[in-house]
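Working notes for the structure below.
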Amino acid sequence: MGMPIVSGALRWLPGISRVFRYTDVKQATGNFDQSLMLGKGGLGAVYKGTIQISTTDGDAEDDDGQRRRRAANVAVKKFTRKDNRGLPRLPG
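Following the UniProt record's numbering, the numbering of the sequence shown begins with 1 at its first residue and continues without gaps.
Right under this line is the structure:
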C-alpha cells in the first residue's frame, strides 16, 4: 500500500508532514553552508533554512507535479523502511 498523498487545505494542518525537493532544500540552506549548520549526529548534519511555500491549492497539479510527488514519496519510503536499523522508531 502506498503512502497517502495530502493535498489542498489538509496539507496545512498541524502534524501533517511536508516533502521538499532536494533542490529546494539545497537553495534554502545556501548550498548547505557550514555557517547554517545547527548540529551533526549519527544520521548527518542539520541545517537552518527557509523555504518559500506557495499556498495555492494543489488539486489541479500538472503531470510533472504529480510525478515529482510520487518520486519524493518513493524516496521517503526507502529511507524509512522498517529494516533500516540506523533510524529511530517514530510514532504515527
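The beta carbon of each residue, even a glycine, is placed where N, CA and C say it ideally should be.
Residue i - containing beta strand (DSSP E), residue span
{"i": "VAL46", "result": "44 to 47"}
Spatial neighbours of residue i in its chain, beta-carbon cut-off 6 Å, leaving aside the 5 residues before and after
{"i": "ALA28", "result": "GLY49, THR50 and ILE51"}
Own chain, CB closer than 7 Å to residue i, minus 5 neighbours either side, in chain order
{"i": "TYR47", "result": "THR29, PHE32, LEU36, MET37 and LEU38"}
{"i": "PHE20", "result": "ILE51"}
{"i": "ALA24", "result": "The sequence shown places Asp at residue 24, not Ala. Once the five neighbours on either side are set aside, the close Cβ partners of ASP24 are ILE51."}
For residue i: DSSP bridge partner residues
{"i": "LYS40", "result": "ALA45"}
Assigned secondary structure, residue i (DSSP; H/G/I helix, E/B strand, else coil)
{"i": "VAL25", "result": "helix"}
{"i": "GLN34", "result": "helix"}
{"i": "THR80", "result": "Its pLDDT being 47, under 50, THR80 is placed unreliably in this model, and the coordinates cannot settle the point."}
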